[in-house]
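Chains as they are written, first to last, in the numbering used here: chain A, 479 to 696; chain B, 125 to 351.
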Amino acid sequence: METKPAITPRQIAVLLILIGVATLVFVVYVLFSRVGKNEVEISVVPIDSIVTIGDQTLQDGTHYLTPGRYNTTTEREGFKTDVRPIEITPETDRIAFAIRPKNKLGEDYLKDNPDEDLRYEAAGGIDSQSEGKARTEAFPVLKKLPFISPDKQYAIDYGTTPDLDNGAFVLIGNSSTRGRAEAVAWLKDNSVDISNFDIRYDDYVSPLTDRKTSERGY
Amino acid sequence: MIMSVHSRIAKLQKEAISMKRYIALFIVTIVALTAGYFTLSHYRTTKEFTVNYENITSATLYERSVEGADVVKESVASGETIRIDQVSEDYFVEYRADNEFADGEADIDPYTDSITIEPGFSAEKLSSLYTVEKTAIMASMKSKYKDINELYEIKNDQLYQYGEWFGATLQYKGDSFFNKDNVGLVMQKKGNSWIVVTDPPLPLINSYKYDDMPQAVAESINKQLHP
Numbered sequence: 479m480e481t482k483p484a485i486t487p488r489q490i491a492v493l494l495i496l497i498g499v500a501t502l503v504f505v506v507y508v509l510f511s512r513v514g515k516n517e518v519e520i521s522v523v524p525i526d527s528i529v530t531i532g533d534q535t536l537q538d539g540t541h542y543l544t545p546g547r548y549n550t551t552t553e554r555e556g557f558k559t560d561v562r563p564i565e566i567t568p569e570t571d572r573i574a575f576a577i578r579p580k581n582k583l584g585e586d587y588l589k590d591n592p593d594e595d596l597r598y599e600a601a602g603g604i605d606s607q608s609e610g611k612a613r614t615e616a617f618p619v620l621k622k623l624p625f626i627s628p629d630k631q632y633a634i635d636y637g638t639t640p641d642l643d644n645g646a647f648v649l650i651g652n653s654s655t656r657g658r659a660e661a662v663a664w665l666k667d668n669s670v671d672i673s674n675f676d677i678r679y680d681d682y683v684s685p686l687t688d689r690k691t692s693e694r695g696y
Numbered sequence: 125m126i127m128s129v130h131s132r133i134a135k136l137q138k139e140a141i142s143m144k145r146y147i148a149l150f151i152v153t154i155v156a157l158t159a160g161y162f163t164l165s166h167y168r169t170t171k172e173f174t175v176n177y178e179n180i181t182s183a184t185l186y187e188r189s190v191e192g193a194d195v196v197k198e199s200v201a202s203g204e205t206i207r208i209d210q211v212s213e214d215y216f217v218e219y220r221a222d223n224e225f226a227d228g229e230a231d232i233d234p235y236t237d238s239i240t241i242e243p244g245f246s247a248e249k250l251s252s253l254y255t256v257e258k259t260a261i262m263a264s265m266k267s268k269y270k271d272i273n274e275l276y277e278i279k280n281d282q283l284y285q286y287g288e289w290f291g292a293t294l295q296y297k298g299d300s301f302f303n304k305d306n307v308g309l310v311m312q313k314k315g316n317s318w319i320v321v322t323d324p325p326l327p328l329i330n331s332y333k334y335d336d337m338p339q340a341v342a343e344s345i346n347k348q349l350h351p
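Pasting the structure below:
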């Protein structure tokens, strides 16, 4: 007499197909949820602070974010809430949010968690590194600075300031009239949009505002 | 016995048909998911962008490429929404303006969802406005910089935008050896007065430094100063 197996081969095949479809749907869902987004490592100090980026509430770790401009808020009990705008470009891969204690509760937390000190240092490193990276990506010429012309007619350097969106300005110095004109030509040759970048002169004196000094040269 | 063999064959055939059905369903599911993935990916990596304008007869949306620029959409109507890549600095709108307004191009900010183009007056219209304003502009300039006519020759003087911006290059003719640069001067009409914006005039004008100044003003003057 033929005994009927508990599970027929057909049932096994159906089960396998269902598992396959479910896995596929899951993989497609995961892939889809990351399409058009950057994998961004978010460092938060203290580690259990809550960061709001746009309408997403996140914690320390790796997240997938759509490039764009966002308002962010970082908060934790006992610490000063930090509110700042950020820009996530397709190249952004790391962002740090570090907030400082505002009362004894916050100070006590840091005393009890000495590891957070190292995390503050790392966050500072990420901040300055990503700022520098963003600046040189936006203005590749900065990698070539400082530059002194071979005939010493001018020198070009750059500085940073939080007052500007891109945080950088170019300074033309040690220059004569000819040198200043050549410096601008050099910047143009290096793809700098001279009309839309903060370019300053270190030693130009306008004859219209200080005629004596401009004619004397010092 | 024969009946038993027949019924077994029939059963196997039935199972095979059923299996084929499942395989077909599996393939259809894969194809549907793949198609869905690519369709949805397209929507996730692109955004809806609206072009608004006035005083323009025709506008074309371009995307910069290695070879130059590719047309994305010809004859974009004001208020029309187009799908473009999420964060790309390569898009721009080229437009032809109505009479009295200037043709031009407008870059698209990669982080916004719309652009509003308001073309400035045409060169002819600005030139006719300048003949009316010139005396007031020169008087204001002279009152701000008393030595200006002695030190510089005013060149390339013209109005910009809707006639509320003035720009000129000042060609040095004085005695300074160290600071004999040609410089750019920009003024703005506020109320009924013309005010010097670029004080002091510099060998290079950057609109970055002066919030309100249209970039086209700086570009035009810099082109004269640094051809």
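For glycine and all other residues, C-beta sits at the position ideal for the given N, C-alpha and C.
Please compile the residues from chain B whose C-beta is within a distance smaller than 8 Å of the C-beta of residue i.
i      : result
A:S684 : N303, V307, P324, P325 and L326
A:K690 : None at all; the shortest Cβ gap to chain B is about 10 Å.
A:F510 : Y161, L164, S165 and R168
A:S654 : F302
A:V492 : Y146
A:G498 : F150
With a threshold of 16 other CB atoms inside 10 Å of the CB of residue i, please say whether the residue is buried or exposed.
i      : result
B:V190 : exposed
A:D595 : exposed
B:T259 : exposed
B:P346 : Residue 346 of chain B is actually Asn in this sequence, not Pro. Label assigned to B:N346: buried.
B:D299 : exposed
B:D194 : exposed
B:S317 : exposed
A:A601 : buried
A:L493 : exposed
B:Y167 : exposed
Chain A partners of residue i, CB-CB under 8 Å?
i      : result
B:K333 : D676
B:Q282 : In chain order: nothing, as chain A lies at least about 16 Å away.
B:I329 : S673
Examine chain C for any beta-carbon lying closer than 7 Å to the beta-carbon of residue i, and answer yes or no.
i      : result
A:L502 : Absent here is chain C; the protein component of the structure consists of chains A and B.
Hey, how far is the Cα of residue i from the Cα of residue j?
i      : j      : result
B:Q210 : A:E569 : 14 Å
A:I604 : A:R572 : 7 Å
B:K266 : A:P628 : 40 Å
A:P624 : A:Y636 : 7 Å
B:Y170 : A:G514 : Per the sequence presented here, residue 170 of chain B reads as Thr, with Tyr not at that position. Each residue's Cα considered, the two are about 8 Å apart.
B:V152 : B:S128 : 36 Å
B:I154 : B:G203 : 39 Å
B:I208 : B:A201 : 16 Å
B:L275 : A:K690 : 13 Å
A:I531 : A:V522 : 12 Å
A:L649 : A:Y587 : 44 Å
B:S238 : B:S199 : 17 Å
A:I626 : A:A633 : 4 Å
A:F510 : A:D680 : 52 Å
B:S264 : A:S692 : 23 Å
B:T322 : B:Y177 : 30 Å
Quick one: list the residues of chain A neighbouring residue i, beta-carbon separation under 9 Å, in chain order.
i      : result
B:N346 : V662, I672 and S673
B:A101 : Outside the shown range of chain B, which is 125 to 351, sits residue 101 of chain B, and nothing can be said about it.
B:Q210 : G514, T544, P545, G546 and P568
B:L250 : None at all; the shortest Cβ gap to chain A is about 19 Å.
List the residues of chain A that residue i touches, going by C-beta distances under 7 Å, in chain order.
i      : result
B:Q339 : S673 and N674
Anything in chain B within Cβ reach of residue i, meaning under 7 Å, just list it in chain order.
i      : result
A:V506 : L157 and Y161
A:I495 : Y146 and F150
A:E693 : D299 and S300
A:K630 : In chain order: nothing, as chain B lies at least about 15 Å away.
A:T687 : P324
A:A484 : What A:A484 touches in chain B: nothing, since even the nearest Cβ is about 17 Å away.
Find the residues of chain B that neighbour residue i, judging by a C-beta separation of less than 9 Å, and give them in chain order.
i      : result
A:K666 : H350
A:A646 : None at all; the shortest Cβ gap to chain B is about 11 Å.
Cβ-heavy atom distance between residue i and the ligand HEM below 6 Å?
i      : result
B:P324 : The ligand HEM is absent from the structure shown, which contains no ligand whatsoever.
Which residues, in order along the stretch 291–304 of chain B, keep a beta-carbon less than 9 Å from a beta-carbon of chain A? L294, Y296, G298, D299, S300, F301, F302, N303 and K304
If contact means a Cβ-Cβ distance below 8 Å, which residues of the stretch 539–569 of chain A contact chain B? T544, P545, G546, R547, E565, T567 and P568
For the structure I just gave you, are there three or more beta carbon pairs, one from the stretch 296–306 of chain B and one from the stretch 648–661 of chain A, closer than 8 Å? yes
Can you find at least 3 beta carbon pairs, one from the stretch 584–594 of chain A and one from the stretch 533–549 of chain A, that sit closer than 8 Å? no
If contact is defined by three or more beta carbon pairs under 8 Å, each pair taking one atom from either stretch, is the stretch 283–291 of chain B in contact with the stretch 307–322 of chain B? yes
When you compare the stretch 573–587 of chain A with the stretch 483–503 of chain A, are there three or more beta-carbon pairs, one atom per stretch, that lie closer than 8 Å? no
Three or more C-beta pairs closer than 8 Å, one from the stretch 265–275 of chain B and one from the stretch 327–338 of chain B: is that the case here? no
Within 9 Å of chain B by C-beta, residues of the stretch 578–603 of chain A in sequence order: none
Closer than 8 Å is the cut-off here; do at least three beta carbon pairs connect the stretch 556–572 of chain A with the stretch 580–588 of chain A? yes
Pull out every residue of the stretch 140–152 of chain B whose Cβ sits closer than 9 Å to any Cβ of chain A, in chain order. S142, M143, Y146, I147, L149 and F150
Along the stretch 253–282 of chain B, what residues have a CB closer than 7 Å to any CB found in chain A? Y269, D271, I272 and L275
Near-chain A residues of the stretch 227–244 of chain B - C-beta to any C-beta below 7 Å: Y235
Going along the chain, which residues of the stretch 155–187 of chain B sit with their C-beta nearer than 7 Å to a C-beta in chain A? L157, Y161, L164, S165, R168 and T169
So, do the stretch 238–246 of chain B and the stretch 212–223 of chain B have three or more beta carbon pairs nearer to each other than 8 Å? yes
Please determine if the stretch 185–204 of chain B and the stretch 146–165 of chain B are in contact, where contact requires at least 3 C-beta pairs separated by less than 8 Å. no
If contact is defined by three or more beta carbon pairs under 8 Å, each pair taking one atom from either stretch, is the stretch 128–139 of chain B in contact with the stretch 670–682 of chain A? no
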